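Let me begin by presenting the structure, written as structure tokens, before commenting on it.
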Amino acid sequence: MPKVAVIMGSDSDFDVVKKCLIALERFDIDYEAEVISAHRNPEKIFDFANNAEAKGFELIIGAAGKAAHLPGVIAGITPLPVIGIPIKTSFQGGMDSLLSIVQMPSGVPVATVAINGAENAGILAAQMLSIKYPEIRDKMKAYKIELNDAVEAKNEKLHKLMQ
Numbered sequence: 001m002p003k004v005a006v007i008m009g010s011d012s013d014f015d016v017v018k019k020c021l022i023a024l025e026r027f028d029i030d031y032e033a034e035v036i037s038a039h040r041n042p043e044k045i046f047d048f049a050n051n052a053e054a055k056g057f058e059l060i061i062g063a064a065g066k067a068a069h070l071p072g073v074i075a076g077i078t079p080l081p082v083i084g085i086p087i088k089t090s091f092q093g094g095m096d097s098l099l100s101i102v103q104m105p106s107g108v109p110v111a112t113v114a115i116n117g118a119e120n121a122g123i124l125a126a127q128m129l130s131i132k133y134p135e136i137r138d139k140m141k142a143y144k145i146e147l148n149d150a151v152e153a154k155n156e157k158l159h160k161l162m163q
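Residue numbers for the sequence shown follow the numbering used here, beginning at 1 and rising by one.
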């Protein structure tokens, strides 16, 4: 069973991050969620990132707002893939978070989703893990069919409204 770490810079990020957790559950992906600040307890984030692989994590999702260094700090330490979730802030509507996460230096990539795009972070994690786990790939294929069917239903509804 794959295991993902979901790290938030603050408990205030949870309202956004819970959509990621729901997506991981949809694909039967085990996760552990923690609040660890890159700025307020940096020793803990270094310890976490240094030991994540040994603890069985295959991927790490980091959510942060404002300076949003958390995903980048994790990516700078661990060999595991990192997905960043920029959290919307009162300052610049989250663009500060987005740019802090996406503008990583060469050699230290962080896959980044949209501002508050936590659901997509969970789905992207499932897609990445589906390379190794065929059961997740099968669930992903079924999910894509559901997405298609939902759009087709909306199209049919539109056509009925236009008659």
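All residues carry an ideal CB built from backbone N, CA and C; glycine is no exception. Remember, it's a predicted structure, so these values are computed and weren't measured experimentally.
Handout entry: 6 Å CB neighbourhood of LEU70 in its chain, flanking five on each side removed
Key = GLY9, ALA38, GLY62 and ALA64
Handout entry: Sequence ranges, alpha helix (DSSP H) only - wholly within the segment 73-154, length at least 4
Key = Counting only runs of 4 or more residues that sit fully inside the segment 73-154, the alpha helix (DSSP H) segments are 95-102 and 118-129, in chain order.
Problem - Beta-carbon contacts of GLU34 that lie in its chain and below 8 Å, excluding the five residues immediately before and after - result: ALA5, VAL6, ILE7, MET8 and PHE48
Handout entry: Euclidean distance between Cα positions of VAL102 and LYS160
Key = Rounded to whole angstroms, VAL102 to LYS160 spans 43 Å at the Cα level.
Handout entry: Residue range of the unbroken alpha helix (DSSP H) whose run includes ILE22
Key = 14-26
Handout entry: Backbone secondary structure at ILE45 - three-state DSSP
Key = Helix, per DSSP.
Handout entry: Simplified DSSP state of LYS157, which is helix, strand or coil
Key = helix
Handout entry: Straight-line Cα distance separating ASP149 from MET140
Key = 14 Å
Exercise for the section: Between the Cα of PRO2 and those of ASP11, LEU24, LYS18 and LYS157, spot the shortest distance and give me the residue it belongs to. Expected result: LEU24
Exercise for the section: Use the C-beta contact count for LEU124: other C-beta atoms within 10 angstroms, 16 or more gives buried, fewer gives exposed. Expected result: buried
Exercise for the section: Return the CA-CA distance between GLN127 and LYS18, expressed in angstroms with no decimal places. Expected result: Between GLN127 and LYS18, the C-alpha separation is close to 18 Å.
Practice task
Figure out for me which residue from GLY94, TYR133, PRO86 and ILE22 has the closest Cα to the Cα of THR164.
Solution key: The structure shown does not extend to residue 164, since the chain is modelled only from 1 to 163, so the question has no answer here.
Practice task
Can you say whether GLY72 is buried or exposed, counting buried as having 16 or more other CB atoms within 10 angstroms of its CB?
Solution key: buried
Exercise for the section: Pull up the CB-CB distance for ALA75 and SER100, whole angstroms please, since I reckon it's below 8 Å. Expected result: Going by Cβ atoms, the distance from ALA75 to SER100 rounds to 12 Å, so no, they are not a contact pair.
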